[in-house]
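Right, one structure below, let's go through it.
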Amino acid sequence: MPDEPLVLGIETSCDETGVGIVRGHTLLADALASSVEQHARFGGVVPEVASRAHLEAIVPTMQRALDEAKVTLADVDAIAVTSGPGLAGALLVGVAAAKGYALAADKPIYGVNHLAAHVAVDTLEHGPLPEPAVAMLVSGGHSSLLLVDDLTNGVTPLGATIDDAAGEAFDKVARLLGLGFPGGPIIDRTARDGDAGSIAFPRGLTAPKDLAAHRFDFSFSGLKTAVARFVEATERDGTPVPVADVSASFQEAVCDVLTTKAIDACLFNEVETLVIGGGVAANSRLRAMVTARAEKKGIRVRVPRPQLCTDNGAMVAALGSRLVAAGVAPSRLDLPADSAMPLTEVSVAG
Amino acid sequence: MLVLALDTATPASSVALVKVTSDWMEGVVERRAVDPRAHGETLAPEIAEVLAEAGVGAGDLGAIVAGTGPGPFTGLRVGLATAASMGQALGIPTYGVCSLDALGRAAGPGLVLVATDARRREVYFATYEDGVRTFGPEVARPADVASIIAARTRRPEVVGESEIIEAATALAGAEGAREAAAIARAEATSRLRPDETLSHEKGKLHRGAGEGVLKYGEIFRLPVEEHLLYPPPAALVALAADRIRAGEPGEQLTPLYLRRPDAVEPAARKPVLT
Ligand SMILES: [Zn+2]
């Protein structure tokens, strides 16, 4: 439909520079530049390195997105940009650039919440999100369960990690096993040759005593330590570390906890739709496990394709499109980059 | 041609609109906000304000000039990202100019030390003779600046009288700049004993510019004129005037990064047993 809003989204909260363009729920362009290789030797994202890369990448990435969508900035109805949460210096580059585009092209600007954008991106693949829904966002920077009543109006946090993020656990275990960075895709691949039931790793915050206070929270640091202990004990015995079995068993433990808590959150809130986003949502075992177990409980699972699960500009554009359609007022030109933007704030108030 | 100039390399976020003709330039509107942590919030509204005050739209701009630092990276990138995105959206060239050069140029005739706060008890600095950079930019502890300059100063480029006057006219008019320089020089000689001044290959530095000279006044002991604390955006335009007039293609705006990112490669893994 030509009268649906044409919205451009800019994402720079971590190590991906993304520019996406959507019309309504239709994805027109999703251009991405990543600095992931520059961080590999440090075993994690280095904020200053990420910020430098964003500044270099923003203009060419914007050009690719406009070319791909065959539109100009003058055609766009609004510009959305990730305002937070994320790395402060990285966010600032995207926010400053978005303001420059908005000023030059005289367009309204929306500073949006990165986590809400992870939920919104699914609408590009599966259409309007039935609300209320439960969203599980799992990545290197966040692990949260949210109740989504009205995405344009705010979401209710149900639980989050109390230590490491799920993706962080993948990175740390991959490093422990000498597999490289980022850990998620490597462990996913390595685990395919392993036996997921061979080592019994702990499931954090699932014991009855923990559930009272942390029913929908996660903890992955104990799991990471258990893997480290297993690897060291094996090395001490002089036997080779069964890398594939460790990967598969570790991955099984993470996916089991995520799946169990996500389904419990749906049942507890009497919600029939579960949407999953974030880089860890690209994990093949998680996708299979959640889908199979949710089906038995009558819960529909929506997971966008892997490219849309990781950070990108399309998700920001998708949320911007929802905000424009809902008649939400745009942000002002002095909108801040807020590295700790709360989930209750879907967009920066105008 | 209407040129937008901006600088975010220091605690100041400065914006100016400058009219550049084939043989003249004049400032139209200027804005400055001093808050080292707020560039991301203040810069865009400042730009909108100067455009509104001049009664023009962004579409009336013919070029953008941005200070490329050196300066604390986070704030500096705000200016460059804004300038680059505006340039791209408007299809106009963007030019980068060293922010310290704007101070050196605005300081006018004489031997001048420009120093800005680099945080971590260091300064970004450079020296100028009659508005032309003779050393730097570098980053160092204030106490080491004098010895670094003494050890490494290269012969300054010869500058013609006409260029000096042009440098000054672009800002305050030749007479005004000359007067300011004379006053500052007299002040410097009356207040400082010769052995207290920083040495320079061709003599002693007369004056300082940049808030770093003021912040570490106990060490530098150079007079700083109040209007020379932060890079004046109009001076950026003066420094890019030749390129603007010649219609040279713009350039990608890259900060002058004088420091490497703080990042350490991880050491061998720490045992968790024991
Ligand atoms: Zn994310």
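So the sequence lines, in the order shown, correspond to chains P and Y. First residue of the first sequence? That's -10 in our numbering, and the numbers climb one at a time after it. First residue of the second sequence? That's 2 in our numbering, and the numbers climb one at a time after it. Think of the CB as a built atom: it goes at the ideal place given N, C-alpha and C, for glycine as much as any other residue.
Query raised in the report: Does Ala94(P) get closer than 8 Å to chain Y when you measure Cβ to Cβ?
Result: yes
Requested in this report: Assuming Val4(Y) and Val238(Y) form a contact by the criterion Cβ under 8 Å, report the distance between their Cβ atoms to the nearest whole angstrom.
Outcome: 5 Å
Query raised in the report: Taking the alpha-carbon positions, what's the Asp56(P) to Ala93(P) distance?
Result: 19 Å
Requested in this report: May I have the straight-line CA-CA distance separating Ala91(P) from Phe207(P), to the nearest angstrom?
Outcome: 39 Å
Report task. Rounded to whole angstroms, what's the CA-CA distance from Gly309(P) to Val292(P)? Just pull it up for me. Result -> 20 Å
Query - For Glu31(Y), the residue or residues it bridges with in DSSP - result: Ala17(Y)
Report task. Find out if the Cβ-Cβ distance for the pair Ala116(Y), Gly209(Y) is shorter than 8 Å. Result -> yes
Report task. Could you check which residue in Arg53(P), Val123(P) and Arg225(P) has the C-alpha nearest to that of Gly143(P)? Result -> Val123(P)
Requested in this report: Give the range of the alpha helix (DSSP H) segment to which Gly76(Y) is assigned.
Outcome: Phe74 to Leu91
Requested in this report: Can you give me the start and stop residues for the alpha helix (DSSP H) that Pro138(Y) sits inside?
Outcome: First-last for Pro138(Y): Val133 to Ala141, but that is the beta strand (DSSP E), not the alpha helix (DSSP H).
Report task. Quick one: grab the DSSP three-state call for Ser310(P). Result -> helix
Query raised in the report: Which residues have a Cβ closer than 5 Å to any heavy atom of ligand 1, listed in chain order?
Result: Ser128(P) and Asp300(P)
Requested in this report: Output the residue ranges of the beta strand (DSSP E) runs that lie fully inside the segment 0 to 26 of chain P and measure 3 residues or longer, sorted by chain position.
Outcome: 5 to 12 and 15 to 23
Requested in this report: Spell out the partners DSSP gives Asn102(P) in its beta bridges.
Outcome: Gly73(P)
Report task. Report the residue from Glu249(Y), Asp243(Y), Arg261(Y) and Arg260(Y) whose alpha carbon sits nearest the alpha carbon of Thr22(Y). Result -> Asp243(Y)
Query raised in the report: What three-state label does DSSP hand Arg218(P) in the structure shown?
Result: helix
Requested in this report: Following the continuous alpha helix (DSSP H) through Arg294(P), name the residue where it begins and the one where it ends.
Outcome: Premise fails: Arg294(P) is in no alpha helix (DSSP H) and is neither H nor E.
Query - Positions along the segment 69 to 84 of chain P whose CB lies within less than 7 Å of some CB in chain Y - result: Gly78, Leu81, Val82 and Val84
**Report entry** Residue range of the beta strand (DSSP E) that includes Asp199(P)
**Finding:** Here Asp199(P) belongs to no beta strand (DSSP E); instead the alpha helix (DSSP H) covers Pro197 to His203.
Query raised in the report: Using a C-beta cutoff of 8 Å, does Gly68(Y) count as contacting chain P?
Result: no
Query raised in the report: In chain Y, which residues lie less than 8 Å from Ser40(P) when you measure between Cβ atoms?
Result: Phe74, Thr75 and Arg78
Query raised in the report: Closest by CA to Ser14(Y), which one among Glu47(Y), His228(Y), Glu123(Y) and Ala127(Y)?
Result: Glu47(Y)
**Report entry** Under 7 Å by beta carbon: chain P residues contacting Leu91(Y)
**Finding:** Ala93
Requested in this report: With 7 Å as the C-beta to C-beta threshold (strictly closer), list the residues of the segment 217 to 228 of chain Y near chain P in chain order.
Outcome: none
Query raised in the report: Do you know how far the Cα of Gly97(Y) is from the Cα of Arg78(Y)?
Result: 12 Å
Query - Chain-ordered chain P contacts of Glu42(Y) [CB-CB under 8 Å] - result: Asp323, Leu324 and Pro325
Requested in this report: Report the residue from Gly169(P), Leu135(P), Gly13(P) and Gln240(P) whose alpha carbon sits nearest the alpha carbon of Ala215(P).
Outcome: Gln240(P)
Report task. Quick one: give me the first and last residue of the alpha helix (DSSP H) that Gly172(P) is part of. Result -> Gly172 to Ala180
Query raised in the report: In terms of residue numbering, what span does the beta strand (DSSP E) encompassing Thr95(Y) cover?
Result: Thr95 to Val98
Query raised in the report: What residues from the segment 46 to 70 of chain Y come within 9 Å of chain P, judged by C-beta to C-beta, listed N to C?
Result: Pro46, Ile48, Ala49, Leu52, Gly58, Ala59, Gly60 and Leu62
Query raised in the report: Should the segment 147 to 160 of chain P be regarded as contacting the segment 226 to 237 of chain P, the criterion being three or more beta carbon pairs within less than 8 Å?
Result: no
Query raised in the report: So which residues on chain Y does Val48(P) lean against when the C-beta distance must stay under 8 Å?
Result: Ala85, Ser86, Gln89 and Gln253
Query raised in the report: From Pro94(Y) to Lys20(Y), what does the alpha carbon distance come to, in whole angstroms?
Result: 15 Å
Report task. Using a Cβ cut-off of 9 Å, pull out every chain Y residue sitting near Met51(P), in sequence order please. Result -> Ser86, Gln89 and Ala90
Requested in this report: Tell whether a beta-carbon distance below 8 Å holds between Leu44(Y) and Thr9(Y).
Outcome: yes
Query raised in the report: Mapping DSSP to helix, strand and coil, what is Thr262(P)?
Result: strand
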